[in-house]
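Residue numbers (my numbering): 1 to 340.
First comes the structure, then the notes that go with it.
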């Protein structure tokens, strides 16, 4: 498919006409399955990019994080928002800097500089970020399988474990801060349709409201995922589970490359035969569970990630002095039109 021609169609006119996009776009490229090389006939086309801030974002009162067009699955980040995500080795944004040349649809001089400076953002933070995303994918697999096979009381235990896992990142962010506590536990159900259910005791003081809503939103998302499981369309959801399984392995592959080689390799052309087989369902059994071979593969990638984490030459954190100089240079141009 000719994606450069595709974005010239009226459906993508916003790329040219929106005041924050147009000639302010630094990078625009493929995302999702077409970026990884794992696309099939049912794959959506995802577009991801980054755009320069307006002067008023930097010295005025306007704010901008990202532009989204749901009809075309397009997300274009503001430069400063992207930098913050890259500093945390966020997988969805790191991928943008590891495409093959032909997968970029727009690339300005600043976009090329961003690609050339991608090593500035790579650090041991990738262990937690990619590992966290992989854990979320694995949890989706476990949740769906458990939801189909476990009695209600055992299923509630599984939900409790998943909620606690989902809160790990939140708790790490607030480690050492004495703002309060939250206790999750299972007891005799209040709702008549359950035998047992999860209860919560929470006590917080002087806690930021936005972070508090993030805490509850995290738990709500996990519970909602489980609630949807009872209404599964098996054929459709088996396809989704195979896709989750594929992304789980892909995340390990990318994390290992970053830690061992210091490289972001988004297009997995050397691994596509394995990833395509997982997505096809070659590792799913008739009962909707995954084969021992899949879990052996998963165990091997987990082992490799642990080894790569131990041996990596990446720094614990990015060199913020270098990052700040790079960001300041780009933002100075956004305001003055001069590089300085």
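Note that beta-carbon positions come from the ideal geometry of N, C-alpha and C, so glycine has one too.
On a predicted model such as this, the values are computed, not experimentally measured, just so you know.
Using C-beta distances below 7 Å, list every residue in its chain close to residue i, excluding the 5 sequence neighbours before and after it, in chain order.
i, result
"residue 39", "33"
"residue 88", "125 and 129"
"residue 184", "160, 163, 164, 198 and 200"
"residue 58", "331, 334 and 335"
"residue 206", "179"
"residue 118", "97 and 264"
"residue 90", "129"
So which of the options has the shortest CA-CA distance to residue i?
i, options, result
"residue 120", "334, 336 and 321", "321"
"residue 98", "29, 53 and 52", "29"
"residue 246", "204, 193 and 272", "272"
"residue 249", "153, 56 and 131", "131"
"residue 111", "252, 204 and 83", "83"
"residue 3", "18, 23, 58 and 35", "35"
"residue 24", "53, 136, 317 and 221", "53"
"residue 326", "55, 9 and 80", "80"
"residue 224", "277, 41 and 140", "140"
"residue 191", "152, 37 and 296", "152"
"residue 19", "5, 56 and 324", "56"
"residue 213", "244, 240 and 167", "167"
"residue 268", "109, 222, 37 and 294", "37"
Given residue i, which residues of its chain have a CB within under 6 Å of its CB, disregarding the five upstream and five downstream residues?
i, result
"residue 182", "202"
"residue 304", "256"
"residue 312", "259"
"residue 281", "242"
"residue 266", "35, 95, 98 and 99"
Have a look at the DSSP bridge pairing and note the partners of residue i.
i, result
"residue 199", "185"
"residue 66", "77"
"residue 284", "290"
"residue 46", "31"
"residue 204", "180"
Check whether the Cβ atoms of residue i and residue j lie closer than 8 Å to each other.
i, j, result
"residue 31", "residue 102", "no"
"residue 260", "residue 189", "no"
"residue 314", "residue 122", "yes"
"residue 26", "residue 114", "yes"
"residue 77", "residue 93", "yes"
"residue 134", "residue 251", "yes"
"residue 156", "residue 218", "no"
"residue 288", "residue 238", "yes"
Apart from the five residues on each side of it in sequence, which residues of its chain come closer than 8 Å, Cβ to Cβ, to residue i?
i, result
"residue 285", "291"
Three-pair Cβ contact test at 8 Å for the segment 43-56 versus the segment 66-79: yes
Three CB pairs or more closer than 8 Å across the segment 103-122 and the segment 49-56: yes
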